[in-house]
Amino acid sequence: MAEQKEGSSAQPHQEDVDKNSGDPPGTLAQEEKVRHSAAVGTTISGVKVETGLDNGETSSASSTERHISIQTKLEGLEMLVDLNGAGRKACPLCPEEKFKACYSHKLRRHLQNLHWKVYVEFEGQRMCICHLPCRQLKPNLSGDHAPGRLVAHYHCVVCSVTIARKTDMISHLKRHVNKGETEASYSGGSDIPFEDPVPIGQAYEIMKELGTNVQLLPNHTTPQKSDTYFNRKMKTNRQLVFCSLAVLAEERNPLECLDAFGATGIMGLQWAKHLHNAVKVTINDINEACVKMIRENCRLNHIRVEGGQAPHHTDAAGDVEGLPIASVEVFKMDANVIMHLRPFDYIHLDPFGTAVNYLDAAFRNVRNLGIVSVTSTDTGSLYSKALNVTLRHYSCQIVRTEYYRELAARMVVATVARAAARCNKGIEVLLAVAVEHFVLVVVRVLRGPTQADECTKKIRQLIHCQWCEERVFLKAGSMVEDNLYRQLPCNCHGSMPGKTAVELGPLWAGPLFNTGFLRRMLFAAVHHSMDDIQPLVKTLICESECTTLKSFSSHGHSLHTNQVECGVVIKTLQKAEEATSPDQSGKRKITEESGNVLKKPKPDASLEHPPFYYSIHRHSIRGMNMPKLNKFLQYLTEAGFRVSRTHFDPTGVRTDATLAQFKAVLTKYSVPTYTASQTGSHGLSTEEGTRKVE
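Just so you know, UniProt numbering puts 409 at position 409 of the sequence shown, and the rest follows in order with no gaps.
Given below as structure tokens:
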């Protein structure tokens, strides 16, 4: 009986119970509507309820109202239609193509046997099944709404989300109970105006991050069910991108920066709100719902919107406190199109999945010495779970290794370098991070075929031993060697039968970090009070220098001096201030400082951090208690090796020692398990010890 028919619908459904001629003036719906007419902008269970205003209405006349499918009694469902009147009547919860208009006795039986019996109950409220086209339609690539199916669904009484399956709705309500959200966000009316892809009258959650407020839909955490997707776990990613833009803004301003995939627009709003006139922010998204949400969030943060068409509805609340603090441009366009049309100094790509489809357009029009940041979240292909997808997207052969996170980062950098080389541009890797479920790569663009040729020389194949997991990059050159196993430091091929190694790649063989850029990012993180990423940036600085010494000064001269990147001396604003300030020590001090700057541009390959790392747990010896990680780092340093920890793996050690040397130091300072147990039992008597040996 609950079977549904398929049909197409291009416009959202509009319900208006007041137009029913048979409704008496004192119905339950009208009483509830009057009772809750003043409840505008209330906060329910930590969720702020925002209500939209139609043209010609005041704030006192609008209210957040529940859907007509949510009822407490059968009489309330029957009161939606005048069943006592004559003539044919349509079902209020079914479209015309699903259930044709019929007489009262048949309509009453339809409401009782279908809608009232197929329900989900929560705290006395019945969420009856609804066949109306209430669900949002996903637009296609051209921006038009594609015709979809009329899917039967339930309306959540707490957060207004629509869910098709009954079991999913039950699980959804359980999550509300676990969070303590047990009060309904709807008040009890019956008419819900749906005019926009972002429904007015829904319960929005106001989230604040880095001083920026954004409103989110209740289903913002599910990409398949929400166009305006927002992930709270990407806060680290957003702060790293912000710091890299802040460093670039110190070199030259104003910058033209692009957030190609805006979604809620929080990243671009943070740029505009904190960097002010130093940046000209452009936020783009192809989805109409996202564009309207971005405009609403701009108004919420008192930021003026430029470009495109005017907002759908205006509100004077954004101008109460005076002039806008900043301005952004909002566009509804394909990311490839807008990057081909306009040049930018900073481009951030963060699509849902891989970004390889947008790299050519990004490097086509980016300015010289500009920055391109790429966020990849396709962990299945990056972390060797879908090898066919990896080969299709990145043209790379990989296997699962102990250093799989750095392998993924070098694979993404190699793909970025090839895309830049196709546009006669080279790159300088400033930052490559793989934490949680994303890989972030930040590169500086160097224009010219010479720079492109130098970058392509750093893309090489990798030989990986599958027995001991020793690895080494193939030597540069086109000559074919008789035995590639000779390049591996291990002797597994001679002691093991068959083939023991695989060839991986192509991968980026150059450095993954720029120490000068990271130090300036640390200063930007301290300046903007980003305490969450400061430990990560400090770890990256130690990893880039391959040292365990942590001497950081957030307010000293070391973070403000000129930094050398890509063979170019980058001047900061602090250096200009120091140059204009009077110096009491005289001319000698200026000469010494300039001499130190001139010594830095000489590139030294030995100062680059060694590629990859070893896991101390992976190579621990059975029956031996290995030393603590910090102690082991000290032992390696005393043995004459460069060593540091790595952010890729909390148990990883980045060192220039080979695996055999690594294991030798680990074996030397490991203690047998039985010796440790005997030394720990000081209170045992001689008889107890003898009895234990027996």
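The C-beta atom is built at its ideal place from N, Cα and C for all residues, glycine as well.
At 4 residues or longer, and completely inside the stretch 80-149: list those alpha helix (DSSP H) runs for me, N to C.
Uninterrupted alpha helix (DSSP H) stretches at least 4 residues long and entirely within the stretch 80-149 occur at 104-110, given in chain order.
Quick check: what's the CA-CA separation for V478 versus K663?
Sequence inspection shows Ser at residue 478; the Val mentioned does not correspond to that position. Going by the C-alpha atoms only, they are around 34 Å apart.
Between V441, F352, K538 and L359, which has its C-alpha nearest R422's C-alpha?
Nearest to R422 by alpha-carbon distance, out of V441, F352, K538 and L359, is L359.
Let me check understanding here. Comparing Cα to Cα, which of R108, Y154, V435 and L488 lies closest to C130?
When only C-alpha atoms are compared, the closest one is Y154.
Can you tell me whether DSSP reads Q466 as helix, strand or coil?
If DSSP states are grouped into helix, strand and coil, Q466 belongs with coil.
Using the Cα positions of C290 and Q487, report the straight-line distance between them to the nearest angstrom.
Going from the Cα of C290 to the Cα of Q487 covers about 52 Å.
R392, buried or exposed, once every other Cβ within 10 Å from all chains shown has been counted against 16
It is exposed - the Cβ of R392 has fewer than 16 other Cβ atoms within 10 Å.
Going by Cα to Cα distance, which pick from M127, G426 and V214 is closest to E454?
Cα-wise, what sits closest to E454 is G426.
I think T72 touches R126, with their Cβ atoms under 8 Å apart; what is that distance to the nearest whole Å?
Confirmed, about 7 Å.
Once you ignore the five residues that flank D350 on each side, which residues in its own chain have a CB closer than 7 Å to its CB?
If the five residues before and after D350 are omitted, its C-beta is found closer than 7 Å to the C-beta atoms of F261 and T375, all from its own chain and listed in chain order.
Using the beta-carbon count (16 or more within 10 Å), is Q112 buried or exposed?
Exposed, because fewer than 16 other Cβ atoms sit within 10 Å of the Cβ of Q112.
Taking only the alpha-carbon atoms, compute the straight-line gap between D378 and L240 and give it to the nearest angstrom.
For the pair D378 and L240, the Cα-to-Cα distance works out to about 19 Å.
Taking C-alpha atoms, which residue in Q461, T228 and V433 lies nearest to V443?
Of the candidates Q461, T228 and V433, the one whose C-alpha sits nearest the C-alpha of V443 is V433.
Buried/exposed call for G623, threshold 16 Cβ in 10 Å
By the neighbour-count rule (16 or more Cβ atoms within 10 Å), G623 is not buried but exposed.
Closer than 6 Å by C-beta to residue 725: which residues in its own chain qualify, once you throw out the five before and the five after it? Chain order, please.
Residue 725 is absent from the model: the chain starts at 1 and stops at 694.
Count the other CB atoms, across all protein chains shown, that sit within 10 Å of the CB of P92; report buried if there are 16 or more and exposed otherwise.
The residue in question, P92, is buried, as its Cβ has 16 or more Cβ neighbours within 10 Å.
Given this structure, state the Cα-to-Cα distance separating G124 from K98, to the nearest angstrom.
Annotation: G124 to K98 spans about 28 Å, alpha carbon to alpha carbon.
Helix, strand or coil: how does DSSP classify E65 here?
Reduced to three states, the DSSP call for E65 is coil.
Pick helix, strand or coil for A432, following the three-state DSSP scheme.
A432 falls in the strand class under three-state DSSP.
For F344, collect the residues of the same chain with a Cβ closer than 8 Å to its Cβ; drop the 5 residues on either side in sequence, then sort them by chain order.
The residues are E256, C257, L258, T282, N365, V366, R367 and G370.
May I ask you to report which of helix, strand or coil DSSP gives F331?
Strand at F331.
Secondary structure, alpha helix (DSSP H): runs of 4+ residues fully inside the stretch 335-417:
Counting only runs that start and end inside the stretch 335-417, the alpha helix (DSSP H) elements of at least 4 residues fall at 335-341, 359-365, 379-382 and 387-394.
Once you ignore the five residues that flank H527 on each side, which residues in its own chain have a CB closer than 7 Å to its CB?
Cβ neighbours of H527 beyond the five flanking positions: none.
I'd like the ranges of any beta strand (DSSP E) spanning at least 3 consecutive residues and lying wholly in the stretch 612-667.
Correct list: 643-645 and 652-655.
Helix, strand or coil for E503, going by three-state DSSP, please let me know.
The answer is strand: DSSP assigns E503 an E or B state.
Cα-Cα separation between E638 and F517, rounded to whole angstroms
Looking at the two C-alpha atoms, the distance is approximately 29 Å.
So does the stretch 436-450 actually touch the stretch 384-402, counting three or more Cβ pairs closer than 8 Å?
For the pair of segments examined, the stretch 436-450 was found not to touch the stretch 384-402: the number of CB pairs separated by less than 8 Å stays below three.
Which whole-angstrom value is the C-beta distance of C128 and S69, which I expect to be below 8 Å?
Going by Cβ atoms, the distance from C128 to S69 rounds to 5 Å, so yes, they are a contact pair.
Name the one or two DSSP bridge partners that C257 has.
Answer is V281 and Y346.
I541 by DSSP, collapsed to three states: which one?
For I541, the three-state secondary structure derived from DSSP is helix.
In its own chain, which residues sit with a C-beta less than 8 Å from the C-beta of V120, not counting the 5 before and 5 after it?
Answer for V120: R126, M127, Y154, K166, M169, I170 and L173, listed in chain order.
Euclidean distance between Cα positions of E402 and R520
Take the alpha-carbon of E402 and the one of R520: they are about 31 Å apart.
Looking at the unbroken alpha helix (DSSP H) that takes in M521, where does it start and where does it end?
M521 -> alpha helix (DSSP H) spans T515 to H527.
Anticipated Cβ contact below 8 Å, A509 with R460, distance rounded
So it is a contact: roughly 4 Å between Cβ atoms.
Alpha carbon to alpha carbon, how far is T456 from E428?
Using only the alpha carbons, I get a separation of about 12 Å.
Below 7 Å CB to CB, which residues in the same chain sit around R88 once its five sequence neighbours on both sides are set aside?
If we look at R88 and ignore the five residues flanking it on each side, its Cβ neighbours are A101, C102 and Y103.
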